[in-house]
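A.B. asks:
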Amino acid sequence: MSNSGSVLTWLPLISVLLPGVIGLIYWNARTDSQRYVISGLGPWIIVLPVVAGFRFVQGEYHLETVLGQVAPGIEFGLQFDPLGWFFTLFLTVLFAFGIPYCEAYCTRIEFPQQARIIFSLFLIEGIAIGIFLATDLFSVFVLFQILALLVYGIVSTVGTADARRAGYTLLAYILVASLFLLSGIRLLRFLTGSSAFVSNGIPTIQSAIHTEPVLGLASFWLLFFGFGIAAAIVPVHSWVIDLLIIPVPIAGLLGGVVILKVGVFGIFRITLDIFGAEVIDTLGITLPVFILLGVSMMLTHLLAISQNVVEYRLLYAIIATNMIPVLGVFVLTPLAIQGSLYYILSHAVVTAFLFIAVPIVSGVGPKPSQVAHRGHDSQRAFVFALGVLGLAAVPLFGTFVGLWYLMLGTIATHPILLGVLIGSNIFVIAYFAPVIATCVAGTNNLDVFRAKDLSWISEPISLDDSLLSGDNRLIVAILGVFLISLLLGIFPDYLQTLPLTEFVIEQIWSGYNE
Amino acid sequence: MSDLLWIHPTVVVLLLLIILMGGTSKLFYPTLSGGLVLLAGWIWILPPETMEPIGLFGFTVRLIEVDPLTRYFGVLLVGITLLASILSWQANADRRVQFVKLALLGVALWIVFVGDWIGLTIGWFVFGVLGASLLWIDGNTSWQDRYRFSLLFFISASLLLGTIALHSLSEFGADPRISHDLGALGPEIAVYLLMGALAISVGGVGVHIWLPEAFSKPNTDTTVFFFATLLLPAFYVTLQAFPKGNALIAYYGGLMALYGSMFAFFQPTIRRNLAYQIQAHSGIILIALGIGTATATVGGLVHMLTLVLGFGLLFGILSQLSGYPSEIRNNGIHSRNIFIGFVGIAGLILVGMPLSVGFVGLSTITVAAHDAGQNGLVGILLFSLSILTAAMVRVVFTNQQESNRLLENTVSLSTIALLVGIVFLAFLVGISRSASTALVGEPIPQYWRIWTILVLVLVIGIGVVFGISIHVSRMELPEIFDFGQLVLPTLSKRLVSGMVIAGSNLHSLGTFSRQCRNAVLYDIRHPAERIVRFLPSTFVRSYQQRRTRTPGLTGTKLTLEESIFIFVILLALVLLLGMVNTW
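Chains F and L, in that order, give the protein sequences. Heads up: the first sequence begins at 4 in this note's numbering, then just goes up one per residue. Heads up: the second sequence begins at 3 in this note's numbering, then just goes up one per residue.
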């Protein structure tokens, strides 16, 4: 993991700090036009160091920035390892579309705390990159706390009683998650003396688990539930539903794209880089995990059906499909893990697309009944349908490629999971097709367009027929994110995304086979 | 490998789509039709080769594989699209619908020409999405209809995906980078999944909930395109996956034929009648593909052509009187005569009149089923053909409301020329063996025997007499005679009147037969009373309650009694045929 002492070793740190710096510049900008430029260009500048790390990811050595000890025996460092780098790339690209979109959206709905929200989004991006690039589980834990506080900050800007309650729920959940994580890390360090990520597991964990199997199991479950709360596995999901108190696209980006993915990423890390596939296999925890996740997934779908507001239904569907890669990684075959990795990244893109498209479906103002059904019904249905197809892993979307690899990896050892995967997608179509159908018909049979109470806006806003006609940043974001999700599905080889996942898996698996 | 293969038919369709999007509105339909003719020509001359697999979608996909079979399906698909676009042209239909139609054609051609299972599955998903889009943009269906269609086709595609995954495991050890070439599919469970997928997409009994509305509510020019584009790829997949046939598919096809023909007969409107007839004919094709011998397969292929030509003709004439606001045309011919003429011819072609293409297909299937020792299937086939004939007779004697619309309309000469062209083609293929061989691409075997001619003529005759007599028994006689005098040319008028009189004068056979006939007719007209008479007294009350709760209609738009009636007959038939086969 060592490398030459060039300036490039600081690249991971630069990736983490850059969003904060650009956020500060944004915060201090004086005019709207300055903010317009910074929020449009800044997120793309953040992408640059990450892209620059590409050749080092596949190269001989990893870029690693070591920043010294944060606690006795715990080193705080950042590195461009393939798994973390891959998540970072997707996050930065999505935020490059998402931040300008959010700014345009906040301007559009005249959200009172606009600058604060965008500033927080920059900070959150930086912290999330930190989580993805951290070299140690303890660093992940610390950064996760900061992330939760920042999200709480955004929720609190709304300032209503509902928002306060949502904020408390979020804090309570994250506090419990932290307790789990901290105890897990403590146990892990007691067992192995380390909590650093090593490809295919900490070397000493095999013997440690052999001597203390109960403590090993306890450590695994504590870490699993800690990240499980972040991944919103039902029944510990209500914090992400409450997030919808803030403007929908921002809630989607924070909940669906950042925190849910951080949860899944954490589970990837503890499975592959802390315990390692072999230890997970010997611990015999795959079956309970499958049962837990399978039941939870079906429950989530049922909950989704019971929702009659389109944002809530969507969020439940995203929570449910978000569990698919978690299932996949516990199959512990290379193909399944590769599929899970590809799926979760494509899922992030589709989630982002849906949440920036959803305001178009349900209307943006406080009086949705006035705006939801005025013209453009088929346009809105079309945009929304595309997102739903991506969520249901229909071919031509990146999610399908991931699902197919996941299925092939699963089928030899756990054929029953095939039914779960296919059934989950059928569920998605089954409860979204009426939404789309009623949208085309312009009727309101399912009452799906009744948006939530947005009492933080004092005055009703008059809106044009189409949200798209307002600001071209909105349509650029929608088109851009949609194109990415299509390219991921049609040309995964030319985009190098699929070979990269293969590379990630090869690295993990060569260690495993040795 | 020839470089020409890179000009994939789907690519040609996409090019046409782009040209149409940029072109002027005046030249829209001429460009569309001309482009489709060129496309058909291109498919016809495509070199029979296979492309090497390339990396796409993250897998290895064999983009194109041309052989006589794929060429035949390609020509059929483009041909029916051409017909549909000409009908749209005449009606000056909404152009957005044409774009979706073209996209759907492109995907159907992709399914037919792609050389491996993964590429085909991807096409299948997109196919379902675009099919649902066509229903939506056509706009005549309710959102529930579209919902059913979308959901069922997504399930179908998902089942296909599961099939391919299982196949991949058993054949290639689940290696995603290996080209999954077309051919019979792996383990048994996969085969059942595939059957489920196919059953949904051909509107099989039990999963045909999407079928009646999807084939009866959209505009006629959409329907004529839609039914062929939905069914032909499904038949193609059946042929590829079961090259040796499968008894389950054959008997399921038989069930579809019986079910479809009977429901068609009892439908209240022409469009629903035709929708169920399409189901019955799909069943007949599945019988052929299920028997799986070389003869049977050729019979099935020819019957697909019959289906396209026959229903092309039917929807062509129907487009003149429904689907769009009727315009009075000055230089046309009185449409009721034309209507009856063409419906009659189309009906006869579809049920296998000798010298027509229908006879080639149906006779081949009958001979093949007989040679394969499946006399039960022969019985099912002939019985359902008879009922189909009767159902077509009901289309001819359409109900009063639709008759009035017929009287108002006239049919333009260009339409008549188009329809005569279709009839010509149907008889050309029926008469000339070289024409049929050239079209199907495989030599047509010795498809007729003396007995098949006799049996088919007999079956058609029984159907006609049955249909007319049922019709007569439900109608006042003088009206019939009026109808005959009004509509039919002299020669056929006498013929038909004679049959009508024969049917209506059965009572002259004596008191006993009259009583029997009256009793049977009474039961047909009032099945409820007969059913109630058979019920034990404990059930009568709950039966009456159920009747008051659902006044008149069950889910299939038939009355409760008619549904029970059909199911009882079906049950009896299945038992009977089971016994025939056992012996």
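For each residue, glycine too, the CB sits at the ideal point set by N, CA and C. The model shown is predicted, which means the values in this text are computed figures rather than measured ones.
(1) Would you mind reading off the limits of the beta strand (DSSP E) that contains Glu-67(L)?
(2) Tell whether a beta-carbon distance below 8 Å holds between Leu-70(F) and Phe-59(F).
(3) Using a Cβ-Cβ distance cut-off of 8 Å, determine whether Leu-489(F) contacts chain L.
(4) Helix or strand or just coil, what does DSSP make of Phe-61(L)?
(5) For Arg-273(L), collect the residues of the same chain with a Cβ closer than 6 Å to its Cβ; drop the 5 residues on either side in sequence, then sort them by chain order.
(6) Quick check on DSSP: helix, strand or coil for Asp-118(L)?
(7) Looking only at C-alpha atoms, which of Ser-284(L), Asn-221(L), Tyr-194(L) sits nearest to Leu-250(L)?
(8) Tell me whether the beta-carbon of Thr-417(L) lies closer than 8 Å to the beta-carbon of Gln-322(L).
(9) In chain order, what residues of the same chain lie with their CB nearer than 8 Å to the CB of Ile-433(L), ignoring the 5 residues before and after it?
(10) Should Asn-524(F) be flagged as near chain L, meaning a C-beta pair shorter than 8 Å?
(11) Counting only runs of 4+ residues fully inside the region 110–170 of chain L, write out the alpha helix (DSSP H) ranges in chain order.
(12) Can you check whether the CB of Ser-170(L) is closer than 8 Å to the CB of Pro-189(L)?
(13) Is there a Cβ from chain F that is less than 8 Å from the Cβ of Ala-167(L)?
(14) Mapping DSSP to helix, strand and coil, what is Ile-9(L)?
(15) Check this for me: beta carbons of Phe-100(F) and Val-484(F), under 8 Å apart or not?
(16) Taking only the alpha-carbon atoms, compute the straight-line gap between Val-145(F) and Arg-167(F) and give it to the nearest angstrom.
(17) Here's a check: name, in chain order, each residue in its chain whose Cβ is nearer than 7 Å to the Cβ of Leu-427(L), leaving out the five neighbours to either side.
(18) Quick one: list the residues of chain L neighbouring Pro-437(F), beta-carbon separation under 8 Å, in chain order.
(19) Within a Cβ cutoff of 7 Å, which residues of the same chain sit near Thr-225(L), ignoring the five residues on either side of it in sequence?
(20) For the beta strand (DSSP E) containing Glu-67(F), list its first residue and its last residue.
(21) Answer yes or no: does any C-beta atom of chain F fall closer than 8 Å to that of Ile-124(L)?
(22) Cβ atoms of Gly-465(L) and Ile-389(L): under 8 Å apart, would you say?
(23) Anything in chain L within Cβ reach of Ile-177(F), meaning under 9 Å, just list it in chain order.
(24) Which residues does DSSP list as the beta-bridge partners of Ala-355(F)?
(25) With distances taken Cα to Cα, identify the nearest neighbour of Leu-3(F) among Leu-420(F), Leu-406(F), Ile-322(F), Pro-52(F).
(26) So which of Thr-274(F), Met-410(F), Val-298(F) has the shortest CA-CA distance to Gly-287(F)?
(27) Alpha carbon to alpha carbon, how far is Leu-41(L) from Val-15(L)? Give it in angstroms, no decimals.
(28) Is any beta-carbon of chain F found at less than 8 Å from that of Leu-2(L)?
(29) Mind checking which residues open and close the alpha helix (DSSP H) that includes Ile-25(F)?
(30) Give the C-beta separation of Ile-120(L) and Phe-61(L) to the nearest angstrom, bearing in mind that I take them to be a contact with Cβ-Cβ under 8 Å.
(31) If we ignore side chains and look at the alpha-carbon of each, how far apart do Ile-508(F) and Ile-253(F) end up?
(32) Buried or exposed: Gln-146(L), going by 16 or more other Cβ atoms within 10 Å of its Cβ?
(33) When DSSP labels each residue in this structure, what does Thr-52(L) get in the three-state scheme?
(34) Considering only C-alpha positions, which residue in the set Gln-72(F), Val-24(F), Gln-82(F) is nearest to Leu-11(F)?
(35) List the residues of chain F that Pro-214(L) touches, going by C-beta distances under 7 Å, in chain order.
(36) If we call anything under 8 Å between Cβ atoms a contact, is Glu-349(F) one with Thr-402(F)?
C.D. replies: Looking at the coordinates:
(1) Where Glu-67(L) is concerned, there is no enclosing beta strand (DSSP E), given that its DSSP letter is neither H nor E.
(2) Result no, Cβ atoms of Leu-70(F) and Phe-59(F) do not sit closer than 8 Å.
(3) Output row for Leu-489(F): interface = no.
(4) strand
(5) Ser-218
(6) strand
(7) Nearest C-alpha to Leu-250(L): Tyr-194(L).
(8) Gln-322(L) sits close to Thr-417(L), with the two beta carbons spaced by under 8 Å.
(9) Leu-357
(10) Outside the shown range of chain F, which is 4 to 517, sits residue 524(F), and nothing can be said about it.
(11) 119–140
(12) no
(13) yes
(14) coil
(15) yes
(16) 24 Å
(17) Leu-311
(18) Trp-145, Tyr-149
(19) Phe-217, Phe-317
(20) Glu-67(F) -> beta strand (DSSP E) spans 67–74.
(21) yes
(22) Yes, the Cβ-Cβ distance between Ile-389(L) and Gly-465(L) is below 8 Å.
(23) The premise fails here: Ile-177(F) is roughly 36 Å from chain L at the closest Cβ pair, so nothing lies under 9 Å.
(24) For Ala-355(F), which the question treats as bridged, DSSP gives no partner whatsoever.
(25) Outside the displayed span of chain F (4 to 517) sits residue 3(F), for which this structure offers no information.
(26) Thr-274(F)
(27) 8 Å
(28) In the structure displayed, chain L extends from 3 to 585; residue 2(L) sits before or after that span and is not available.
(29) 14–31
(30) 5 Å
(31) 32 Å
(32) Gln-146(L) comes out exposed.
(33) strand
(34) Gln-82(F)
(35) Neighbours of Pro-214(L) on chain F: none; closest Cβ ~18 Å, over 7 Å.
(36) Note that residue 349(F) corresponds to Ser in the displayed sequence, not to Glu. Result yes, Cβ atoms of Ser-349(F) and Thr-402(F) sit closer than 8 Å.
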